[in-house]
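The structure under discussion appears below in the form of structure tokens.
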Amino acid sequence: MSLVHVTDLTVGFGDLRAVDGLSFRLEQGAALALVGESGSGKSTVASALLGLHRGTGARVGGSVEVAGVDVQRASDDELRRLRGAKAAMVFQDPLSSLDPYYAIGDQIAEVYRVHTRVSRRAARARAVEVLDRVGIPDAVRRSRSRPHEFSGGMRQRALIAMALACEPRLLIADEPTTALDVTVQAQILDLLHTLRQETGMGLLLVTHDVGVAAGSVDDVLVMRHGRAVERGPVAAVLGAPGQAYTRELLAAVPRVDAPRTPSPAPGEVVLEAKGLRREFGRGKRAFAAVDDVSLTVRRGETLGVVGESGSGKTTLGRMLVGLLEPTAGEVRHDGHARVGVDPAVQMVFQDPVSSLNPRRSVGESIADPLRARGERDEKRIRGRVRELLERVGLEGAHYDRYPHEFSGGQRQRVGIARALAADPRVIVCDEPVSALDVTTQAQVVALLGELQRELGLALVFVAHDLAVVRQVSDRVAVMRHGRIVEQGPADEVYDSPRDPYTRQLLAAVPALDPRIAARRRAERREVAVT
Amino acid sequence: MSEALVATEVPGAAVPGASGARQFWRRLRAQRAAMVAAVVVALLVLVALAAPLLTALEGQDPTTYHPSLIDSARGGVPIGSFGGVSGDHWLGVEPQTGRDLFARLVYGARVSLGVALAATAVQVFLGVVVGVAAALGNRWVDQLLSRVTDIIVAMPLMIMALALLAIVPGSFPRPVLVALIIGFVAWGTIGKIARAQTLTLKELDYVAAARLSGWGTLRIARRELLPGLAAPVITYAALMVPANIGIEASLSFLGVGVRPPTPSWGQMLTSADVWYQAAPQYLLLPAAALFVTVLALTVLGDGVRTALDPRAASRLRIGTGRRQESKADLSEAGNLDGDEPKVHEPETAREGTA
Amino acid sequence: MSGFTAFALRRAVSAVLTLLALSVIIYVVFYATPGNVAQITCGPRCSPEQVHQVAQQLRLDDPLYLRYWHFLQGIVAGHDYSTGTSVEHCPAPCLGLSYQSDQQVTRIILDKLPVSLSLVVGAMVLWLLLGVGTGVLSAWRRGRFTERALTGITLAGVATPVFVIGLVLMIVVCGQLELLPFPEYVPFADDPEQWMWGLLLPWVTLALGEAAYFARLTRASMLETLAEDHIRTFRAYGVGERSIVGRHALRGALAPIIALNANDFGSAVGGAVLVESLFGLPGIGQELVHAVTVIDLPVVVGMVLVIGFFVVLANAVADVLYAVADRRVVLA
């Protein structure tokens, strides 16, 4: 009997059909990845496996059988006995997925006691045991900590420990590493791999990241608009995709190992940072988010700034455009020291939602730099905005529309148009594509490249994603703890990294080829041992 | 109903985008209870506005004594059944004075709504000005204004209002005075909300983008910040109106608010318990009027809150930043030196009434 | 936990500063008002001689800051007053003398305080139990008839001014049904049972409105917690509804309840004034209304300060409790 048997599953919310006639099986001990972009319905499927839609008003059709339980027809009690005991779920954001008010050990113990009739003391002991199992050092003491006292990776380990507590036969992991840094992501994926080998439990991995799937599962099911597009062994689907959509998806995934066609010879230096330092906090709590960073950006070239969360890359970006004043050091622009903002240095922001005022039409937002410059002729303003909208691939008639009428990728285009309206010479892009789906991501990156060539812009591309940075950058700076640990031509940094941290980062990037993924895993294990 | 909203609109704020307003109306109309409440409030406002007309129809006014209609031998009980109900006096007359009850009731609506709306306007104005100034000012301005706000919040409203009413000369028009005092004593919570919301908005990328466009602080405050403030401020203000009605009624009940001959529902209840057997409507009518008014305004306020993006309202509540932390690089996003805004989005606006 | 001690200490200092600032504001507002302060304090029917005498007593010739300084001195160290022939000592904390009765304000307040404290503390126990209980119940039974019924009842409770509740209760319970005697205050030390019976109706009156308010708050706060991600986790692990509502959601809702209870303490004190006036309980509130009506400024100022003291104290305690309930506040 299959561990999971889904037949003709449909899930509807109001008018929306999130899942539309999906069927699949997962055998005992096997691993399957549901891969898809946002809105493909993959997470909805995960919730449906545990009957989490019950009582929420969602319409669920078809049949779902998990570990011998008919989820659709089971009584509330039967469903409760399934959840956590036979099939356990790990969620995306480990911080919000744990109760902030209770110790982690207590939360695991509570879940354990729901399914086993043991004493409080025995449940606590079990909690410590599983925490130790997932690699949390000093588990006895740490089990008394609350979630906010853990780091992101440790929290995800704790959530996995909770899942392990009752020795389930199926582990459902819903985007388990999306909120984590790349090095931590690798650790968590390795942990899941090891646990699967040791316990023989089945794994259903839900992810938007093809690379994450490649190294972690046997089979993959590509989803789009609530339907299955393609399925099969992971090596076959990723190596020789049979469907157009799969090919498109794979083509859009940036590769960390693909060299970039170099830009034409860069021109004169337009932006220069010298010994930048920025402190936050006062007194004992003061710390330097950016410390002694120097860099130059030339006309027509792209400087990639890559780093994990807390590396100071966002702070650096904000200082470069003048939104933040440095504590020490200076930003030089065309050879002059600069204070405050200058329209010639613009920024494209990370979050397509918060970067546009929801109460103003996109045309008005784009027109801001024109009006601020003193342009009063409404006709010329409209004309220029139309031109810019069309230049970034939108329609000129979109002037009077509001941000909520646009998708994430379109909003990011609006943001680019607004930056262009100021006739900038430098654009600092702060994680411009990290909130976008991979196909949209590729389009926005391509647009930036086009504009750069056309206008001779200098770009500073700040991102956490090593592959994207390689794809766009001529030169790369790797940041850690507020400092640049390595800086140089992109190919040099990626192909022969000198700094151990850069090497560690590169080893952690998920590979699209399952064989390479397995090799990297082995490498990481070696690095960990030595 | 639009009366109430217009009166509490943030001063100087731009009207939210067309789409936002449409969305607001759609969400509000979807709530049946809120719509019923809106109709009731609209009726009350109409009654208040048309008070002279209504009393003219009845042929009475709220201040004329009718000694002939009360039985002075029995301590001033109205003559006739049901407290002197007749064709001339639709709801009977007041014990002891014989003033027309209907006229006093409809003029009471004027006082009640007028004082509450005016007080709310003062509260919103002071709160928004102080809150925005604190959020946009430097560290010292913020410290000073925040401490002042704290003190205002800490002051027990009823007590302060009571005490302040004692020292102002009697010549000052009483309803205006009551509205001003309620307004000046109870703007603290709106100030806190405005400050917290401005701090949140200030950090948003679109404000940064406006700065990069080359706009100055004032223009950014007007175009980017104030419209974003409207939703939480209107939400809270909608709940302040019923609260202020309760405060005015309470002060007048204690005999220090609106004073005779100006009628007020609370004031009418001051001696009602003495007369409830002889003239039950003298107790029941003002009590019912107060109850219905406060209830309708509260339900409407709830509806307004639900319609104006409940998520935005809940974000204001106690900034533990649970969600934000997962966002990359939050630790470097600045704002580490300020204390987290700790604001309670109140279930009902209440500062001192009961 | 040293961070916590530091937090508590900081909060205490800020409470003292707030109180000091409050005293300045109150003093300035009341003694620097336009018009002849002496005339106002003495009353409209005072002869010019009396007004002059009051002005001297008030040291109206001194600048305001000096008078405030004397006032502070009185609070810290006490004062000696010469009342014509004899000298009366007013021990610290001295809040001055009443113009109406020449009594020491501190003594008047101390006389009335037990009544008001009995009323407010008793009612607070009642409204917290009733309000939080109702809120939890309606969050647990959400979407069902119980919740809708409770929502309606609490809405009515919020919409009824406390003195209307009191009036109706008094007329129905004491007048018509004669279930209880008309409320009166009997000191606890004299007869605990009589104390309780006498205060029962005032407690209920004050507590009903507050309870409705807290029920709404608790329900809203719990529903919000129930929508959070970690609740989904426990659902996905088969944890029962009872534990999810009673353990996780209530715990999450606790911090805002504590914080709001402090904020609301001030409004409850306001409600207590109404209840005291309505039922004729000889507490601070009734005395304050009296002092306001006869414009007895020292009594008004003293009482406002004492009430402010309690409210600031309640806020400080609640902040510390809040920090205990939600330790991330301290760590942030």
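Protein chains in written order, with full-length UniProt numbering: chain A, 1 to 530; chain F, 1 to 354; chain D, 1 to 332. All residues carry an ideal CB built from backbone N, CA and C; glycine is no exception.
If you draw a straight line from the alpha carbon of F:R259 to that of F:S252, how long is it in whole angstroms? F:R259 and F:S252 have their alpha carbons spaced roughly 7 angstroms apart.
Where the beta strand (DSSP E) containing A:V476 begins and where it ends: Segment 475 to 480, the beta strand (DSSP E) holding A:V476.
Quick check: what's the CA-CA separation for D:C46 versus D:L179? Counting only the Cα atoms, D:L179 lies some 48 angstroms from D:C46.
Could you check how far apart the C-beta atoms of A:A48 and A:V11 are, in whole angstroms? I think they sit under 8 angstroms. Indeed, because the Cβ distance is near 6 angstroms, the residues count as touching under 8 angstroms.
In chain order, which alpha helix (DSSP H) runs of at least 4 residues are fully inside the stretch 126 to 213 of chain F? Runs of the alpha helix (DSSP H) inside the stretch 126 to 213 of chain F: 139 to 154, 157 to 167, 174 to 185, 188 to 202, 205 to 213.
Excluding the 5 residues preceding and the 5 following A:P254 in the sequence, name in chain order all residues of the same chain whose CB lies nearer than 6 angstroms to its CB. The residues are A467, V468, Q471.
Candidates F:A288, F:S72, F:I182: which alpha carbon is nearest F:V122's? Looking at the Cα atoms, F:I182 is the closest of the given residues.
Using three-state DSSP, classify D:V16 as helix, strand or coil. Reduced to three states, the DSSP call for D:V16 is helix.
Which residues in chain A have a C-beta closer than 9 angstroms to the C-beta of D:E224? List them in chain order. Those within 9 angstroms of D:E224 in chain A number zero; the least Cβ separation is about 13 angstroms.
Spatial distance of A:V256 from A:Y494 (CA atoms): Here the alpha carbons of A:Y494 and A:V256 stand approximately 8 angstroms from one another.
Is A:V345 helix, strand or coil by DSSP? DSSP, read as helix, strand or coil, puts A:V345 in strand.
Using a Cβ-Cβ cutoff of less than 8 angstroms, which residues in the same chain neighbour D:I231 once the five nearest sequence positions on both sides are dropped? Answer for D:I231: T225, I244, H248, A249, listed in chain order.
Restricting to Cα atoms, I'd like to know which of A:G482, A:Q443, A:H336, A:G51 is closest to A:D291. For A:D291, the nearest C-alpha among the options comes from A:G482.
Contact set between F:R211 and chain A, taken where Cβ atoms lie within less than 7 angstroms: Under the 7 angstroms cutoff, chain A gives L323, V341.
Thinking F:L239 and D:V164 are a contact (beta carbons under 8 angstroms), I'd like their distance in whole angstroms, please. About 19 angstroms separates the CB atoms of F:L239 and D:V164; that is not less than 8 angstroms, and the two are not in contact.
Rounded to the nearest angstrom, what separates A:V217 and A:S354 at their Cα positions? Distance between the alpha carbons of A:V217 and A:S354: 36 angstroms.
Per DSSP, which residues does A:E486 bridge with? Please list them. As computed with DSSP, A:E486 is found in a beta bridge with A:V478.
Below 8 angstroms, how does it come out for the stretch 263 to 271 of chain D and the stretch 149 to 161 of chain F: are there three or more Cβ pairs, yes or no? Verdict: yes, contact present.
At a Cβ cut of 7 angstroms, what residues of the stretch 342 to 353 of chain A count as close to chain F, listed as they run along the chain? Shown in chain order are the members of the stretch 342 to 353 of chain A whose Cβ falls below 7 angstroms from a Cβ of chain F: P343, Q346, M347, F349, D351.
Tell me whether D:V121 is buried or exposed, calling it buried when 16 or more other Cβ atoms sit within 10 Å of its Cβ. D:V121 comes out exposed.
One question on the structure: do D:V320 and D:R11 come within less than 7 angstroms of each other, judged by their Cβ atoms? For D:V320 and D:R11, yes; Cβs fall inside 7 angstroms.
According to the neighbour-count rule (16 or more other Cβ atoms, all chains shown, within 10 Å of its Cβ), is D:G283 buried or exposed? It counts as buried.
Round the Cβ separation of A:L394 and A:R384 to the nearest angstrom and send it over; I've been treating them as touching at under 8 angstroms. Not confirmed; about 14 angstroms, so no contact.
Going by CA-CA distance only, name the one from F:P52, F:V115, F:T97, F:L91 that's closest to F:I70. F:T97 is the residue among F:P52, F:V115, F:T97, F:L91 whose C-alpha sits nearest the C-alpha of F:I70.
Got a sec? Which residues, its chain only, sit under 6 angstroms from A:L303 by beta carbon, not counting five neighbours each side? For A:L303, the CB contacts under 6 angstroms within the same chain, skipping 5 residues up- and downstream, are V297, V460, R475 in chain order.
Determine the extent of the beta strand (DSSP E) in which A:P233 is found, giving its start and end residues. In this chain, the beta strand (DSSP E) harbouring A:P233 covers 227 to 233.
With DSSP as the reference, please indicate the residues paired to A:L274 in a beta bridge. Note on identity: in this sequence residue 274 of chain A is Lys, with Leu being the wrong assignment. Answer by DSSP bridge pairing, in chain order: A:E330.
Roughly how many whole angstroms lie between the Cα atoms of D:G96 and D:Q104? Here the C-alpha atom of D:G96 lies approximately 6 angstroms from the C-alpha atom of D:Q104.
Residue-chain proximity (D:D229, chain A), Cβ-Cβ < 7 angstroms: Output row for D:D229: interface = yes.
So, at 8 angstroms on beta carbons, what are the nonlocal neighbours of A:R113 in its own chain, with the 5 sequence-adjacent residues on each side left out? R120, A123.
Counting along the chain, where does the alpha helix (DSSP H) carrying D:E147 start and finish? Run containing D:E147: 145 to 159, per the alpha helix (DSSP H) assignment.
Rounded to whole angstroms, what is the Cα-Cα separation between F:V115 and A:R418? Rounded to whole angstroms, the separation of the alpha carbons of A:R418 and F:V115 is 47 angstroms.
Of the listed residues A:R277, A:R285, A:F24, nearest to A:S311 (C-alpha basis): Checked all of A:R277, A:R285, A:F24; the closest Cα to A:S311 is A:R277.
Establish whether the CB of D:V273 and some CB of chain F are separated by less than 7 angstroms. Yes, its Cβ sits closer than 7 angstroms to a Cβ of chain F.
Which residue marks the beginning of the beta strand (DSSP E) containing A:G61, and which one marks its end? A:G61 -> beta strand (DSSP E) spans 59 to 66.
By alpha-carbon positions, which one of F:L46, F:A210, F:G127 ends up nearest to F:R195? Looking at F:L46, F:A210, F:G127, the one whose alpha-carbon comes closest to that of F:R195 is F:G127.
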